[in-house]
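Before any comments, here is the structure.
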Amino acid sequence: MKSKGKIFLLDDEELIVSMLTRSLKKQGYEVMAETCAEGALEKIRSWSPDVVMLDVNIPDSNGLDILQEIKDREIETEVVMLTADDSAETAVRAMKLGATDYLTKPLNIEEVKIVIEKIFEKGQLKNEVDYLRKVYLDTFKKDLIGESRIIKELRDKAEKIALAGVSTVLITGESGTGKELMARFVHSLLYSDSTLRCAPFITINCTALPETLLESELFGYEKGAFTDARADKKGLFELANSGSILLDEIGDMKMGLQSKLLRVLEERTIRRIGGKKEIPIEVTVIATTNRELQDAVGKGEFRLDLFYRLNTFSLHILPLRERKEDILTLARHFLSHFTSEYKKSSPKGFSPEAEKILLSYTWPGNVRELKNVVERLVVLENTELVGPLQLPLETSRTTCQTTHRCVLPDEGVSLDELEKDLIMQALQRTGNNRSLAAKLLHISYDSLRYQIKKFGIE
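Each residue of the sequence shown is one higher than the last, beginning at 152 in the numbering used here.
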């Protein structure tokens, strides 16, 4: 019969040791028993029991000291203390030191059985939750497709931010780069230890609604606050309590609402429209934008204090044209996904010529555009391999961009010096406007900032 689990027993009373060993083995547990404390810790560490049953009063040691050692050495096991002393003080101290439970002598075998079974049921439940958590997170990781160093570092950074348990995250990037997907990934990491269905994830687009309507959606209102307010209504912040709210395209939020949002982030309370009561909330605020918020601050369109508050923990998703290593991986993933969704057996892949076009195209719509292109191919094409003629891309846009070619001198040239020179020219041409210079060079603002620092350009 398969063992239910491993139990280590340490008690100086041989009669109790014999009784418990016999009873626990009969119930299907594997038991190692000792009557002497000497060497017990090393045996516990090497045998790795699920449960340690430990007598408080051992002649050559002290059970509470051994419990302390188990916790100090971070030995993963549940500890049940045994003692003839039924004082509350001893029990409290044992529980404070990390004991799972506490049994007084004389022992009741039925009570021992119940305590042990509860511990193993709890352990089994934890294993199931850990497994489901891993499956859930793996699902989101698979959706964040990409083998490039950039995307791997981004995933790692997202995990670190979530592990810190932050309450505000800013995600930036061009339209179509996958900002909402990244937001959902962060949410799944933050609430992976809770029942995920109970952790709401609520989204709202800050450009889709007029300012007054957006305010009532976010904060809710009290009955009578305005003409059509016939009943109290909770806002999205309240509905997202104990979960996350995604404020999509926050760069377009009006200044009046920005000040109210800043107050929410600082005080973690909201007040409904027409209400007088402050309502506490525990919400992770995830904001996304395709704007350069620093430029918006300079133009007086975005609050500097709100920018600093949001930008404490930020994730920037580079455009697809700057992580070409991910293009074919994404294209093949979408091809597999849509052939399965539409129940088609073809196309099965891309020809080498088609792959070259996919790699040379600039993808102004980023991952979203690539996904739409592949979906269209799956629906309309029945060829085994997708060829150049089947790709519905404006390749003239790519051709136009590749006509101005540099000629490599016979003596060679330093690539670093060439890059530095082009960056300096772009900055000079744009009057040191980094955003415009980045657009001129067809790279992101963050990439330009990195290159400026790399080359020591002032």
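Cβ coordinates follow ideal geometry from the N, Cα and C atoms, glycine included. Bear in mind the structure is a predicted one, so any value in this text is a computation, not a measurement.
Which residues DSSP lists as bridging residue i, in chain order
i	result
F501	V537
F159	M183, V203
F230	Here residue 230 is Val; the residue named in the question, Phe, does not match the sequence. Its beta-bridge partners are V203.
K384	Y372
P431	T420
T378	BP columns for T378 are empty, so no partner.
G394	V434
H467	T323
L254	L233
I195	Per DSSP, none; premise fails for I195.
K462	Per the sequence shown, residue 462 should be read as Asn rather than Lys. Looking at the DSSP assignment, N462 forms no beta bridge with any residue, so it has no partner.
T513	Answer is none; T513 lacks a bridge partner.
Outcome for residue i when other beta-carbon atoms lying within 10 angstroms are tallied against a minimum of 16
i	result
K364	In the sequence as presented, Lys is not what sits at residue 364; that position holds Leu. When all chains shown are included, L364 counts as exposed.
C357	buried
L218	buried
L398	buried
R454	buried
E225	exposed
P470	buried
T553	No answer about T553 holds up, because its pLDDT of 42 lies below 50 and its placement is not dependable.
R493	The residue you asked about is not Arg; residue 493 is Tyr in the sequence shown. Looking at its Cβ environment, which holds fewer than 16 other Cβ atoms inside 10 Å, Y493 is exposed.
M333	buried
K153	exposed
A611	An answer regarding residue 611 cannot be provided, because it is not within the stretch 152 to 609 covered by the chain.
S169	exposed
T234	buried
T323	buried
A191	buried
I608	exposed
A505	buried
Y601	exposed
S547	With a pLDDT of 34 at S547, under the threshold of 50, the predicted position of this residue should be treated as unreliable, and no value is reported.
A382	exposed
L444	buried
C551	Note that C551 has pLDDT 36, beneath the 50 cutoff, so the model's placement of it is unreliable and the number below is only indicative. It counts as exposed.
Presumed contact (8 Å Cβ cut-off) between residue i and residue j, rounded CB distance
i	j	result
L390	I421	With 8 Å as the limit, L390 and I421 do not qualify as a contact, their Cβ atoms being about 11 Å apart.
G394	G371	So it is not a contact: roughly 16 Å between Cβ atoms.
A313	V337	6 Å
E262	L254	7 Å
I508	P539	6 Å
D162	D206	4 Å
E366	L408	6 Å
Q178	K264	7 Å
R472	W514	6 Å
Own chain partners of residue i with C-beta closer than 7 Å, once the 5 adjacent residues on each side are dropped
i	result
L528	P498, V537, Q541
V182	I158, L160, T172, L175, K176
S299	R474, E476, D477
S212	A188
A184	L160, V168, T172
K495	V529
K384	G371, Y372
T534	S497, P498, Q541
Same chain, Cβ closer than 8 Å to residue i, five either side skipped, listed in chain order
i	result
I270	D201, V202, E229, V231, T251, D252
R244	L215
P351	L390, A391, N392, S393, G394, S395
E417	R460
F606	D567, E570, K571, I574
I195	F159, V203, I221, I226, T228
L248	L215, L218, Q219, K222
Cutoff 8 Å: residue i Cβ touching any chain B Cβ
i	result
G324	Here chain B cannot be found, since the structure has a single protein chain.
Check whether residue i and residue j have beta carbons under 8 Å apart
i	j	result
N392	V434	yes
G402	R442	yes
V589	L573	Correcting the residue identity first, residue 589 is Ala in this sequence and not Val. Going by C-beta atoms, A589 is not nearer than 8 Å to L573.
I167	A188	no
P412	L457	A small fix is needed here, since residue 412 is Leu in this sequence, not Pro. Yes. Within cutoff.
E373	R423	yes
G297	T480	yes
E304	T439	no
I468	T328	yes
V320	L466	yes
R610	L591	Residue 610 lies beyond the residue range present for the chain, which begins at 152 and ends at 609; the question has no answer from this structure.
T186	E165	yes
V415	F388	yes
N584	E325	no
G425	G375	yes
D446	S586	yes
L258	A309	no
Proximal residues to residue i (C-beta, below 6 Å), its chain only, five neighbours per side dropped
i	result
F485	K522, V525
A242	Y253
Contact test: residue i Cβ vs the ligand HEM heavy atom, cutoff 7 Å
i	result
K385	Because no ligand of any kind appears in the structure shown, any question about the ligand HEM cannot be addressed here.
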